[in-house]
Structure formats: structure tokens, C-alpha cells
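All the letters of the sequence shown, read from the start, carry residue numbers 1 to 629 under the UniProt record's numbering. Ideal placement from N, C-alpha and C gives every residue a C-beta, glycine not left out. Remember, predicted model here, so these are calculated numbers, not experimental data.
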Amino acid sequence: MRSNYVGGVDRRVRVAELILRSLICGLGILAAILVATDTQVKQIFSIQKKAKFTDMKSLVILVVVNGIAAAYSLIQTFRCLVSMATGTVLFNKPLAWLIFSADQVMAYVLLAALGAAAQSAAFAKFGEPELEWMKVCDMYGKFCNQVGEGIASSVFVCASMITVSAMSAFSLFRLYGGGATYKAWQIVRAVVMAHTDQINPRDVCIVGVARTPIGDFLGSLSSLSATKLGSIAIECALQRANIDPQLVQEVFFGNVLSANLGQAPARQAALGAGIPDTVICTTINKVCSSGMKATMIAAQSIQVGANDIVVAGGMESMSNAPKYVAGSRKGSRLGHDAIIDGMIKDGLWDVYNDFGMGVCGELCAERYNITREDQDNYAVRSFNRGISAQKNGAFTWEIVPVKVSGVRGKVPTVVDKDEGLTKFDATKLRKLRPNFKVEGGSVTAGNASSISDGAAALVLVSGEKASKLGLKVIAKIRGFADAAQAPELFTTSPALAIPKAISNAGLKASQVEYYEINEAFSVVALANQKLLEIDDKQINAHGGAVSLGHPLGCSGARILVTLLGVLRQNNGRLGVAGICNGGGGASALANCTDPIQVVRTLCCISSLKLCFFENVVISHSLYISCCAS
1 MRSNYVGGVD RRVRVAELIL RSLICGLGIL AAILVATDTQ VKQIFSIQKK
51 AKFTDMKSLV ILVVVNGIAA AYSLIQTFRC LVSMATGTVL FNKPLAWLIF
101 SADQVMAYVL LAALGAAAQS AAFAKFGEPE LEWMKVCDMY GKFCNQVGEG
151 IASSVFVCAS MITVSAMSAF SLFRLYGGGA TYKAWQIVRA VVMAHTDQIN
201 PRDVCIVGVA RTPIGDFLGS LSSLSATKLG SIAIECALQR ANIDPQLVQE
251 VFFGNVLSAN LGQAPARQAA LGAGIPDTVI CTTINKVCSS GMKATMIAAQ
301 SIQVGANDIV VAGGMESMSN APKYVAGSRK GSRLGHDAII DGMIKDGLWD
351 VYNDFGMGVC GELCAERYNI TREDQDNYAV RSFNRGISAQ KNGAFTWEIV
401 PVKVSGVRGK VPTVVDKDEG LTKFDATKLR KLRPNFKVEG GSVTAGNASS
451 ISDGAAALVL VSGEKASKLG LKVIAKIRGF ADAAQAPELF TTSPALAIPK
501 AISNAGLKAS QVEYYEINEA FSVVALANQK LLEIDDKQIN AHGGAVSLGH
551 PLGCSGARIL VTLLGVLRQN NGRLGVAGIC NGGGGASALA NCTDPIQVVR
601 TLCCISSLKL CFFENVVISH SLYISCCAS
């Protein structure tokens, strides 16, 4: 009579394993074929540029993973058959560990792939109406087509693989004991978690963003103060993040032209957005980099554990910057008094060299041989990209519409588009005279950023708080940096800050997919693009400050919001934003969006699976030890 055990492993377990592996092989092939051959899937690929990574590629991942699972199970089925037929165990200890590890990894990957498709469906149905491919496919609404049947098959494949992974753990335990099994489990868990972009407790997560439209100088938003614009952006960002203002612990907000705004502009904006008066608020002034520097300080406060929920951003109303009468406090005596434009004095003037910032642009153009034609061509491209993004609805995700009261009983208006994009004329742009150098100058009002009004806000939370509150993470801040050089060379300071930010993020420049470099002047973007060797398609994909406008305290935060929008629209993952500021400085920030957020979510689920089986193994080992003693 043949023994019920084969090499110490229960024969009935081996039979069950054989059946399950055969089932996985058959259903895996079936699921892959059903999804891959569905005619509706072709429709997904036809509009893939409009779909995010999770949304479109979740099906592709599902096909590939099912195919791999089928091939792997076929090999293991053959091994089981030979093992049963010969009455021997066809693996030694190292091979047993390898099979055990492979089973766990396959179970994890199947679970993640299946969850990716499920989360895409949930977003499409309940929270992401813009996922047009889901409406085209309509595969989750009813399981009546090939895709639905393929996903149903995948559910059985996943369940079977999880069961098999438990059985391989049991087999390893029976052959070599609990110690060996637990050691193998620790290795598998470490490998899986190391290759998963998981959220750590002190990671800085962006969970909500918003910006106002950018209004022209003395244009549609000029009746609103900078602090009011800031309040609007903060309130919307918190709503989008699904965070109660009462939970905010601190606010850092950039503002450059603070004269005549009253005390503590950041606090005014915060209280106007419904944030409690017990929350600490700090106004940041690093000229054009203010909004980004505020975000960097907010991120640092989370990294060191001082805060878990922080609001950051920037605001500016250049239209409302006052003019000064210098020395008037001492009394006006004989002669005329000069009126000083506070906007120019405090925002647009190089105090170290006593000339306008545009002169620095001219120096940059001369130094890097960038012609007037180059700058005009870049400006036209910036406008075209901005107009295209506006028409395609790319800015809808960023912008919060602003209601502006009517004057003298007129009906209130709603501003929901960037005003600068409506006044583009390429022919006129190329005919404009240089502003800062009469003879041989190249910087004009057309290829420089425009004076503007606006605000942008970001809600940052710790990874621990994001997990606890169940928040949808838009991106993680991976690294940031500042740099500085001579004041007149500020135009190329981003080329110093950006590599530092990339390095601090633990990345390489080759990994970065998109850049946002603030277009203080067209020559700034062109010079930094040349220095950093960035491809045209990678930089300012939705236009920049030349076309949209440059509200000084807002722009650093605005380009962060726009960068996230660019990554979102183009299935990107890694992006870097950089901005120069008067005085020779620059700030840069690298972030990582979450195109396969469900994998991160499922990391927790898989961790529970890992912990569950791990506890079973430990408990079983302790039980055996107790019995032995």
C-alpha cells in the first residue's frame, strides 16, 4: 500500500495543490484571452492618451499577470504530476524556498493587478467622471461581455493562487520546520515591500490642490485682494482633499507685495477659508519663489514630525500693489515729491544693481546666444500650449472658478479661465519693441511674463495621516532644494537648484518625465533648458508664465499644481518644478505622482495577507514547540 505521505508532505495536500495549479493555469489563460481579444479593449487604446496609467493600463497589467501566472502554474503542475507519479519530492531546501517565494509573489501581483482594475472601475463610476474610456467600455456595469468574464476568471485565479501560497507555506513547514519557513517569509516580505512605492509614515503626500484663474493686471480679478484670492484657493483645495479645515495644524503661504494688505496676510487667507484662529500661519517672502518655498517649509514640518496636515501655497494681487511717496512721513518741503511704484520697487527691481529684472534677461540672452527670434518662438509655443490645454479642459482640474461681484449693481461674473490666453496675437508679439535695451535688445513685453493676479494652494499630509483618514494621494514630495548665485545671474539659478532637488529625491535626471520651469522671461526657460539638456516636449507642456501670467507670490505654487496636472494628463509619474527669484536665487521641488495608487493601497491588503500567513506559521511553530516540550 502506497504511503499517504510523499517525502514527509501530506499526499492529499499535493493532490489539492495539483488541482489548484491546473485551475490557475486554465483560468489564467482564459482570462488573458478574454480581456486581450475583446474588441472594446481596442477602443481603450485608441484614446489611451486621455487615460491615466491606472485607468488604461490596469487591463494590460491584468492580461500580462494572468499570462505569467498561467505559465508559472503550468511548470508547477508538471512538477506536481512527476512528484506524485514517482513518489518523490522534486526539490531540495533551496528550491523549496524558491517555490514558496514565487507563490507568495505571484499571489501578491495577482491581487494587485485585480485591485488595479477594480479601483479604476470604482473611480470611473463614483469619483472620476472624466474617465471616458470606462464609459466606452462599460465593462464593470454588467459582467456580460468578454472583459467582464475575464475579470471574473481573474478573481478565481487570484483566490486559487492565495490558497496555493498558503499550501506551499504549509509544505515548507512540514519539510523543514517553522524556523525555515519564517525566515523565507521574512525574505519574501522584504523583497515585495522594497519594490512597492508604499507610503511611509513621514512621507509628504499631496492630497488636494487648487488655483484661481490667473487674471490680467487691472483685469477680471483686480477687485479682489491677494488674501481673498488666497482664501478661495485654500478653501477649494481642502474641499478637494476631503479634509475638514478644523484638522489643519499650520499654514505657510507666500506673498511678495504685502504693503497695504494688513497684518499677517497668510493668516487672513487662512481664516477666510474657514481654518480656525488657533492655527499657526506664516507668510513667506522669497520673491518669485515664495509659493514654492512655503510648500518646502510645510513639507519639512511634516518630515520632522511637527505637523501632519499643513496648507501651503502663495497669492498675489499685483493690481492692488500701492504706490509710495518716499520720505513723506518726515514732511514734504520745497519741490516735487516722487511717487514710487511698490510693485516695481519690491517685486520687479534688482536692488543690488539698481536695474529692472528684464536687464538680467538681456544679460542671459547675450551670455547664452539666445536671439530675439528664439525668444519670440518660445513665447508663441507657450501661448499655443496654454490655449490647447485650456481647450482640452486640462486646466479644469486645477482651477477653482472665482465669483466676482458686479460693480454698481451689475450682475456678478464668474471667472474660470486664465485671462492672458484670450489676448494672444502672434503677429503683434513679434513686432513689439524691446523694453530693457533699446539697441539690440531682445526681451519684450510679448516674450516676458505678464503682471498678474492669482493664488494657488496645496494640502500636504503625512503618509500616516493619509492612511488613517483614507485620503486619496495625488503625489508624494520626493525632494527639494534651493540654490543661489550672483543677483544678475538669477535667470539660470534653476539649473543649479533642479539637479540638487533631483539628487535629494534619490532620483536621476533621466527618470524625470516632465519639468515646469517658471517663465519669468522666455530666455529663462530657454537658458535652463539648454543647461539641463531638457527635451522640448518635457518642459512646460501646458504653457507657462509667459502665456498664463506671473503673480509673484503665487507662481511657485502655481507651477507645482500645473506640473501635477501635466503628469496626470500625460500618464507621467516623476516631475520637477523650478523657479528663479530676484537676488540670484531659485527653488526646485521633485514630486512623484501615484499612477498605480491601487498597488500602494493593495500593499496594505497584501501586507495583511503576509501578516496573516506569517502569524499562522509562527503560531503553528509555537504550537509544535509547546507540544514537544
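Contact set for F521: own chain, Cβ-Cβ below 6 Å, skip 5 residues either direction: G361, V443 and A448
Jot down the residue ranges of each uninterrupted beta strand (DSSP E) in the segment 328-352, minimum 3 residues, whole runs only, in chain order. 339-341
Which residues share a DSSP beta bridge with D216? S452
Where do the N-terminal and C-terminal ends of the beta strand (DSSP E) with A577 fall, by residue? L574 to N581
According to DSSP, is G314 part of a helix, a strand, or is it coil? strand
Assign F156 to one of three DSSP states: helix, strand, or coil. helix
Suppose the cutoff is 7 Å on Cβ atoms and the five residues either side in sequence are ignored; what does the same chain contact list for E519 look like? S382, S449, A525, N540, G544, A545 and V546
Alpha carbon to alpha carbon, how far is F53 from G208? Because the pLDDT of F53 is 38, which lies under 50, any placement of that residue in the model is unreliable, and the question is left without a value.
Give me the Cβ distance between G254 and G342, rounded to the nearest whole Å; I'm assuming they're in contact under 8 Å. Their Cβ separation, rounded to whole angstroms, is 17 Å, which puts G254 and G342 out of contact at 8 Å.
Thinking V404 and L261 are a contact (beta carbons under 8 Å), I'd like their distance in whole angstroms, please. Not really, about 19 Å apart at Cβ, beyond 8 Å.
Distance, Cα to Cα, D216 vs G549? 7 Å
Specify the secondary structure class of K468 as computed by DSSP and reduced to three states. helix
In the DSSP output, what is S493 paired with across the bridge? Paired residues: none, contrary to the question.
In the DSSP assignment, find the alpha helix (DSSP H) that holds R558 and state where it starts and stops. L552 to Q569
What are the partner residues of S510, as DSSP defines its beta bridges? Its beta-bridge partners do not exist; DSSP assigns none.
Check the C-beta distance from S493 over to G584 and give it rounded, since I have them as a contact under 8 Å. 6 Å
Taking the CB atoms as reference points, tell me whether C205 and V438 lie closer together than 8 Å. no
Beta-carbon spacing of L62, S154 below 8 Å: yes
Apart from the five residues on each side of it in sequence, which residues of its chain come closer than 6 Å, Cβ to Cβ, to A364? The displayed chain sequence assigns Cys, not Ala, to residue 364. So the qualifying residues of the chain are T491, V523 and A527.
Does A112 come out as helix, strand or coil in the three-state DSSP assignment? helix
Nearest residue (CA-CA) to D425, options N377, S319, T282 and I477: N377
Here's the rule: buried if 16 or more other CB atoms are within 10 angstroms of the residue's CB, otherwise exposed. What is F78? exposed
Is the beta carbon of I294 less than 8 Å from the beta carbon of F252? The sequence shown places Ala at residue 294, not Ile. Contact: yes.
Span of the beta strand (DSSP E) holding E250? E250 to G254
Please name the residue or residues paired with residue 642 in a DSSP beta bridge. Any answer about residue 642 is impossible in this case: the structure gives the chain only from 1 up to 629.
Alpha carbons only, please: which of A586, A102 and N320 is nearest the one belonging to I517? A586
Give the straight-line distance between the Cα atoms of C25 and G463, rounded to the nearest whole angstrom. 38 Å
Inter-residue Cα distance where the pair is M357 and G347: 9 Å
Start and end of the alpha helix (DSSP H) containing T278? No alpha helix (DSSP H) contains T278, which DSSP labels as neither H nor E.
Residues sharing a beta bridge with V414, DSSP: K403
Please confirm if the segment 413-420 is in contact with the segment 227-245, defined as three or more CB-CB distances below 8 Å between the two stretches. no
Distance CB(D308)-CB(V459) smaller than 8 Å: no
For L27, which option in L111, C158 and I162 has the closest C-alpha, if you only look at C-alpha atoms? C158
Which residues does DSSP list as the beta-bridge partners of G543? A541
Figure out for me which residue from C592, F100 and K530 has the closest Cα to the Cα of Y368. K530
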